[in-house]
Structure formats: structure tokens, C-alpha cells
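Working notes for the structure below.
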Amino acid sequence: MNEIFHRVSVRKFEQKPVEQEKIIQILRAGMQAPSTGDQRPWEFYVVTNREKIVALSKCHKYAGCAANAPVLIVPVYRKEGVWLPEYEQIDMAIAQENIWLETDSLDLGGVWLGIAPMQDRMDKVAEILELPKNVTAFSIFVLGYPAEQRAQEDRFDASRIHWIE
Ligand SMILES: Cc1cc2nc3c(=O)[nH]c(=O)nc-3n(C[C@H](O)[C@H](O)[C@H](O)COP(=O)(O)O)c2cc1C
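If you read the sequence shown in the numbering used here, its first letter stands for residue 250, the second for the next number, and so on.
Spelled out as C-alpha cells, the structure:
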């Protein structure tokens with residue numbers, strides 16, 4: 250899959266909105282992720298409100314790049330209606346990676362900002378977005394048209410492979 254070998258973190262963006270159909274295509278990729286027992290714990294908040302974007306960019310010290318993005322996607326997971334809650338963050342991570350790869354395939358760029366499992370960050374995001382009590386913030390995905398280009402680093406390391414024959 251080309252996107253796996255092309256995707257990089259993008260933290261600088263053109264001042265240009267992202268078309269709604271592209272955002273929906275990206276979220277379609279997120280919802281296509283496999284999940285434990287197919288429990289699909291996710292909901293997605295799409296934030297284009299400038300004040301909320303700026304507030305979220307201050308939710309921890311590595312989130313500053315969010316301030317110059319036109320869109321933030323905040324994946325959250327449900328506290329009820331899932332049968333294997335222990336696996337929810339794993340399910341969410343897979344959906345988040347799908348979102349990142351689809352973003353790359355559409356010639357957009359983004360970066361995953363870690364929120365879960367840090368409780369203080371999760372609480373901050375919930376407070377800023379006034380999330381309902383039945384959902385928990387998982388991450389922030391910063392999205393936009395890239396204003397920086399970078400080739401991906403090759404991370405293949407044959408010494409990490411252990412063949413048992
Ligand atoms: C779970 C997770 C949390 C991350 N959190 C942040 C973050 O808070 N701020 C940030 O600027 N980048 C964050 N990143 C991006 C990583 O720093 C980046 O993926 C890593 O340095 C590798 O670079 P690449 O994405 O360009 O391959 C995060 C990535 C992951 C997977």
C-alpha cells in the first residue's frame with residue numbers, strides 16, 4: 250500500500266478549507282477499521298470553529314501545531330454499548346491510522362496528537378468540546394492541505410525480525 254510508505258506527520262497547513270466530501274471520505278476510512286468483536290466504539294467530532302481549534306491546540310504542550318489547521322477531527326469512544334471495553338483504545342488506534350492513511354491518499358496531510366490514555370488530556374478535550382458524559386476523547390487528528398513536504402524515513406531494520414524455523 251503506497252500510503253504506508255509515503256505518510257509523514259504534517260504540522261504546517263495552507264490557509265484553505267478542506268472540502269466536506271473529503272472529510273467524509275476520511276471518516277469512511279476510519280469507520281472501515283476492524284474492531285474487537287466488530288464493536289465499532291467510535292464517534293467523530295469535526296471541529297472547524299476557530300476558537301475551539303485554538304483551545305484544543307493548548308490542551309497539552311505538543312499540540313501547538315493544531316492552531317494553524319483548518320480542521321481537527323476528534324475521535325471519541327463510547328462508554329456504553331460495547332462488550333469489550335478493555336480493547337476500545339486499540340480499536341480507536343486502528344481507526345485513527347486508517348484516517349491518517351486515507352488523508353495521505355487524498356493529498357492532504359495531518360498528524361495524530363496523543364490524548365488517550367493521559368487522563369488530564371482526555372478531561373481537557375472533553376471540557377473544551379463539552380462532550381457528552383457517555384464518550385471519551387481518544388486523540389486529535391490535525392488535518393489540512395500541507396504547507397510542508399518531507400520524504401519518509403526508511404525504518405526497516407532486519408535485526409528486529411526473529412525467524413523461528
Ligand atoms: C500515538 C501518537 C501520538 C502522537 N502525539 C503527537 C503529539 O502530541 N504531537 C505531535 O506533534 N506529534 C505527535 N505524534 C506524531 C509522532 O511524533 C510522529 O508520528 C513520529 O515522530 C514519526 O514521524 P512521522 O509521523 O513523520 O513518520 C504522535 C504519533 C502517535 C502515533
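Note that beta-carbon positions come from the ideal geometry of N, C-alpha and C, so glycine has one too.
Here DSSP, grouped into helix, strand and coil, assigns Phe405 to coil. If the five residues before and after Ile364 are omitted, its C-beta is found closer than 7 angstroms to the C-beta atoms of Arg370, Met371, Val374, Ala386, Phe387, Ser388, Ile389, all from its own chain and listed in chain order. Going by DSSP, Gly279 is part of the alpha helix (DSSP H) stretching over 269-280. Closest in alpha carbon position to Arg256, among Pro366, His309, Ile343, Trp349, is Trp349. Ser354 has no beta-bridge partner at all, per DSSP. Secondary structure at Ser306: helix, using DSSP grouped into helix, strand and coil. With a threshold of 7 angstroms, the Cβ atom of Gly363 counts as near ligand 1, since some heavy atom of the ligand is closer than that. Around the beta-carbon of Phe262, 16 or more other beta-carbon atoms lie within 10 Å, marking it buried. Judged by DSSP secondary structure, Arg370 falls within the alpha helix (DSSP H) whose first and last residues are 368-378. Judged by their CB atoms, Gln345 and Trp361 are nearer to each other than the 8 angstroms cut-off. A distance of 8 angstroms or more separates the beta carbons of Ile272 and Val303. Listed as beta-bridge partners of Thr385 by DSSP are Tyr326.
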